[in-house]
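Under my numbering, think of the first position of the sequence shown as 81, with each following residue one higher. Glycine is no exception: its CB is placed at the ideal position from the N, C-alpha and C atoms.
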Amino acid sequence: MAAASGAVYAFVGRSKTMASVLSNSAVPAISVFLVYKASTFYIESPAGLIHSQHLLVTLCLLSISQAAFHFIAAGVNTNHGAPDVLRRFSVGSYLRTCLTYFVLASASGFIVKLTSTFDLSTLHVAVALCAGTLLIYLYALLKSARASVVADDSENEFHPGEDTLPLEKVQEGAELYRSAFENASIGMALMSLKGNCLRVNQSLSNLLGYSFAELQLFNFQTLIHPDAIGKVRAALSQTLNDGTAIQRIESKFIHKDGHEIWALCDISNGNYKQSEGEHLIIQVQDNTERKRSEESLIRNAFHDALTGLPNRALFIDHLQLAIDRTQRREDQIYAVLFIDIDRFKVINDTMGHLIGDHLLVEIARRLESCLRPGDTIARVGGDEFTVLLEDLEDEPEAISIAHRIQKELSASIILDGHEIFNTVSVGIAPSSAGYDSPAHIMRDADTAMYRAKLMGKNRHEIFDKAMHEAAVGLLQLETDLRHALERDEFFIHYQPIVSLDNFRLCGFEALVRWRHPERGLISPMDFIPLAEETGQIISIGQWVLRQACKQMHKWQRQYGMENPLFISVNLSGKQFAQSDLIEQVKNIITETRLNPRGLKLEITETVVMENIEMATQMLQQLRDLGVQLSIDDFGTGYSSLSYLHRFPIDTLKVDKSFVMAMVDNNENIEIVRTIIMLAQNLGMDVIAEGIETKEQLALLRKLKCEKGQGYYFSKPLEKAAAENLLSDTCTEGNPFKRAQESNRKPVVNTLVKSIKIAPVEDVA
Numbered sequence: 081m082a083a084a085s086g087a088v089y090a091f092v093g094r095s096k097t098m099a100s101v102l103s104n105s106a107v108p109a110i111s112v113f114l115v116y117k118a119s120t121f122y123i124e125s126p127a128g129l130i131h132s133q134h135l136l137v138t139l140c141l142l143s144i145s146q147a148a149f150h151f152i153a154a155g156v157n158t159n160h161g162a163p164d165v166l167r168r169f170s171v172g173s174y175l176r177t178c179l180t181y182f183v184l185a186s187a188s189g190f191i192v193k194l195t196s197t198f199d200l201s202t203l204h205v206a207v208a209l210c211a212g213t214l215l216i217y218l219y220a221l222l223k224s225a226r227a228s229v230v231a232d233d234s235e236n237e238f239h240p241g242e243d244t245l246p247l248e249k250v251q252e253g254a255e256l257y258r259s260a261f262e263n264a265s266i267g268m269a270l271m272s273l274k275g276n277c278l279r280v281n282q283s284l285s286n287l288l289g290y291s292f293a294e295l296q297l298f299n300f301q302t303l304i305h306p307d308a309i310g311k312v313r314a315a316l317s318q319t320l321n322d323g324t325a326i327q328r329i330e331s332k333f334i335h336k337d338g339h340e341i342w343a344l345c346d347i348s349n350g351n352y353k354q355s356e357g358e359h360l361i362i363q364v365q366d367n368t369e370r371k372r373s374e375e376s377l378i379r380n381a382f383h384d385a386l387t388g389l390p391n392r393a394l395f396i397d398h399l400q401l402a403i404d405r406t407q408r409r410e411d412q413i414y415a416v417l418f419i420d421i422d423r424f425k426v427i428n429d430t431m432g433h434l435i436g437d438h439l440l441v442e443i444a445r446r447l448e449s450c451l452r453p454g455d456t457i458a459r460v461g462g463d464e465f466t467v468l469l470e471d472l473e474d475e476p477e478a479i480s481i482a483h484r485i486q487k488e489l490s491a492s493i494i495l496d497g498h499e500i501f502n503t504v505s506v507g508i509a510p511s512s513a514g515y516d517s518p519a520h521i522m523r524d525a526d527t528a529m530y531r532a533k534l535m536g537k538n539r540h541e542i543f544d545k546a547m548h549e550a551a552v553g554l555l556q557l558e559t560d561l562r563h564a565l566e567r568d569e570f571f572i573h574y575q576p577i578v579s580l581d582n583f584r585l586c587g588f589e590a591l592v593r594w595r596h597p598e599r600g601l602i603s604p605m606d607f608i609p610l611a612e613e614t615g616q617i618i619s620i621g622q623w624v625l626r627q628a629c630k631q632m633h634k635w636q637r638q639y640g641m642e643n644p645l646f647i648s649v650n651l652s653g654k655q656f657a658q659s660d661l662i663e664q665v666k667n668i669i670t671e672t673r674l675n676p677r678g679l680k681l682e683i684t685e686t687v688v689m690e691n692i693e694m695a696t697q698m699l700q701q702l703r704d705l706g707v708q709l710s711i712d713d714f715g716t717g718y719s720s721l722s723y724l725h726r727f728p729i730d731t732l733k734v735d736k737s738f739v740m741a742m743v744d745n746n747e748n749i750e751i752v753r754t755i756i757m758l759a760q761n762l763g764m765d766v767i768a769e770g771i772e773t774k775e776q777l778a779l780l781r782k783l784k785c786e787k788g789q790g791y792y793f794s795k796p797l798e799k800a801a802a803e804n805l806l807s808d809t810c811t812e813g814n815p816f817k818r819a820q821e822s823n824r825k826p827v828v829n830t831l832v833k834s835i836k837i838a839p840v841e842d843v844a
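Rendered as structure tokens:
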């Protein structure tokens, strides 16, 4: 009976628990068989056998009930999708159930024994026991199953593919997905494989400027910028080939109003069984601001912030490309122009940096108007611009463009109510020199530009090899100049200053000279401007002042003349601008023990007029030390006569350019006459420079000029020659007066016969 019930269950249910059900059904059958055998062995009387048959009836009823219940419960659970916890409970409790049946069967047999007869009451008792047991078991089973289901629901676990979700769960998940899609902060779209927009969210609509309805009418690819369509198509193809792989690209979209939008796009397949492979998910994140920031950083790295022109780095990149093209094709001709604004510092300092900036912007605009579409212009320094001219017909075309630039930039510019005139110096470096490095051609164009400045500015110069050699020599000279002082290579020449009334020696002007160990005597015309530019003039000037004061103190003691001599020393503009100049002069006077009246400091009128208030204060402090003050090269600068009386000046020196032109030019005579009269009216002495002829001397004496110096009297003398002059003055009287009486010139030839005078230009 038990075997039959198990077979039927196996045929109907086909459950994993078939073996458990069969074994569970066999237990009652085995129990019946064992009890029956025991009864027949111990009970021999027919009455006892009858009683055993009663027991057999009871046990068979229990077996049938047990098999039928499990057949029904297990079959229903398996075929109708009951909770897995109920099925596990039924299988797990089989052993306990079998033991319960065995105990109940034994109790039933004991009851049958007590009744001694087989009647309906026996059957009633057996049925009652079986029914009660089954009801209790069924109650416990259902209660446990319900508790397990509640526990599983509270955990809210979901295992895709194992079981089908209830309809409510499916609807809830769909609602959550719809809400997440529509309220996402980034743009999202479902796109068919043909590119049609199946669904879009509000963020994408806001980003592109289209409504939901408009977007669903578009093919998605029509929203993409033409520059990015190839990249997007490649990403779509890659996504379809790789299944669920996500492709991230940077793309450009077109807004409804036409402007470009940069965005990061994530493209992936739909991740649902019912639609897999039927649509794509597009996620679009606005990246425009970050892209603009990147573009701004890149532009700032390669463009000038003020003018918007390319900077040095970008210009060199373009220049390298031009060099490469020329090396591939020899017929390609290009040139580099190096442009510098003349006197820009003066404009910047007098009108302010704001006007200076506006001027640079206007010059940049004018430069662009002078060039061809393929040319490159860059700002490479404060007031320096470079131009790359490509595809030239010949080198004269570059010169023609340089002329056009000079003409355009020389026109007046109105800025903030000010009319400004400026000029430029242009250096040209053509490609014919065979350059292979941007640095070399830039260097040579710069060198040519500096040559243009030296030649008078407002012009252009074409580079040649001689310029480079001169530039290299100048650089080496600068290096040597920095070591000249410590190597004791400087010395001083002394040019006599003579009274034009009685030809008495009044003093000397100290002039620095440089004897280079390899190049010999270096002209002051070469190293003085270089010292000014590099700042070495400050230390050189201090050395000259100290040596001149020391020497004059020695001569005053050694040759104690009736009228004490003075020594004139030039102060450069950089020296005069030093805040501790007064302290320096005071210390040198104290150190050398020179009477302050024996020192005359010469300052050019240009230096004095650069800052009138500061100059007045500085000159007064120097005057308070007791030293004499002289305005050098008077008449060549831009001094105002209205300010001259404010300066505590002792002497005006007439520049040699006026003196040398007096004989042939009456206008210069009048200029010199005016300067002399002005000085005398202000209580100042006058010294004329550059006297070289007897005619010049005669005119100056006629104009009542008090003192003079120049080659007519003497070239600048070395120390030994100057001492011979002083000695001759003390022993034989006035040598200059004797020379005049004997009509000899130059006087120095009769004074220093054994002293070699170095033929070096006189530079104040």
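Just to confirm the assignment, what range does the alpha helix (DSSP H) spanning residue i have?
i	result
Phe656	653 to 656
Asn286	282 to 288
Val441	433 to 450
Ser807	799 to 812
Thr773	Careful: Thr773 lies outside any alpha helix (DSSP H) and carries neither H nor E.
Ala768	Looking at the DSSP string, Ala768 is not in any alpha helix (DSSP H); the run it does join, the beta strand (DSSP E), is 765 to 768.
Asn748	746 to 761
Gly621	616 to 638
Thr696	692 to 704
Asn650	Looking at the DSSP string, Asn650 is not in any alpha helix (DSSP H); the run it does join, the beta strand (DSSP E), is 646 to 650.
Restricting to Cα atoms, I'd like to know which of the options is closest to residue i.
i	options	result
Pro676	Phe646, Arg445, Leu780	Phe646
Ser331	Gln318, His359, Thr368	Thr368
Ile413	Pro510, Pro390, Val364, His573	Pro510
His498	Arg405, Met431, Leu344	Met431
Met605	Glu598, Leu591, Val460	Leu591
Phe793	Leu783, His335, Ile572, Leu805	Leu805
Ile493	Gly507, Ser505, Leu439	Leu439
Pro386	Glu410, Ile403, Leu434, Asp411	In the sequence as presented, Pro is not what sits at residue 386; that position holds Leu. Nearest C-alpha to Leu386: Leu434.
Asn281	Glu750, Thr302, Ser291	Ser291
Gly289	Asn538, His335, Tyr257	His335
Asn428	Leu394, Leu495, Ala415, Arg372	Leu495
Met742	Asp730, Ser317, Pro728, Ala768	Ala768
His540	Ile443, Ser505, Gln400	Ser505
Ile751	Met271, Phe738, Gly706	Phe738
Glu488	Thr503, Ala551, Met764	Thr503
Asp463	Leu389, Met535, Glu473, Arg452	Leu389
Pro593	Ile396, Phe607, Val766	As written in the sequence, residue 593 is Arg, which differs from the Pro given in the question. Considering only alpha carbons, the answer is Phe607.
Gln80	Asn276, Leu320, Glu803, Phe333	Given that the chain is displayed from residue 81 to residue 844, the structure contains no residue 80 and the question cannot be resolved.
Gly640	Ile362, Asn349, Gly587, Met268	Gly587
Ile756	Ile309, Phe543, Leu783	Leu783
Gly338	His305, Glu798, Gly253	His305
Leu534	Leu222, Ala551, Ile771	Ala551
Provide the residue(s) that pair with residue i in DSSP beta bridges, ordered along the chain.
i	result
Ile711	Ile683, Leu732
Asn276	Asn299
Val312	Looking at the DSSP assignment, Val312 forms no beta bridge with any residue, so it has no partner.
Ser579	Lys787
Trp342	Lys332
Glu510	Just to set this straight, residue 510 is Pro in the shown sequence, not Glu. Answer is Ala415.
Asp366	Ala343
Gly267	Val364
Glu541	Gly507
Please report the residue range of the beta strand (DSSP E) in which residue i lies.
i	result
Asp422	No beta strand (DSSP E) holds Asp422; DSSP gives it neither H nor E.
Ser596	Going by the sequence as given, residue 596 is His instead of Ser. First-last of the beta strand (DSSP E) with His596: 585 to 596.
His498	498 to 500
Leu601	600 to 602
Thr456	456 to 459
*asked:* Report the start-end ranges of each alpha helix (DSSP H) in the segment 461 to 490 that is 4 residues or longer and not cut off at the edges.
replied: 475 to 490
*Jot down the residue ranges of each uninterrupted alpha helix (DSSP H) in the segment 539 to 574, minimum 4 residues, whole runs only, in chain order.*
545 to 564
*Touching or not, the segment 651 to 670 and the segment 702 to 713, by the rule of three or more beta carbon pairs under 8 Å?*
Yes: at least three Cβ pairs fall under 8 Å.
*Would you check if the segment 569 to 583 and the segment 772 to 787 touch, i.e. whether three or more CB-CB distances between them fall below 8 Å?*
yes
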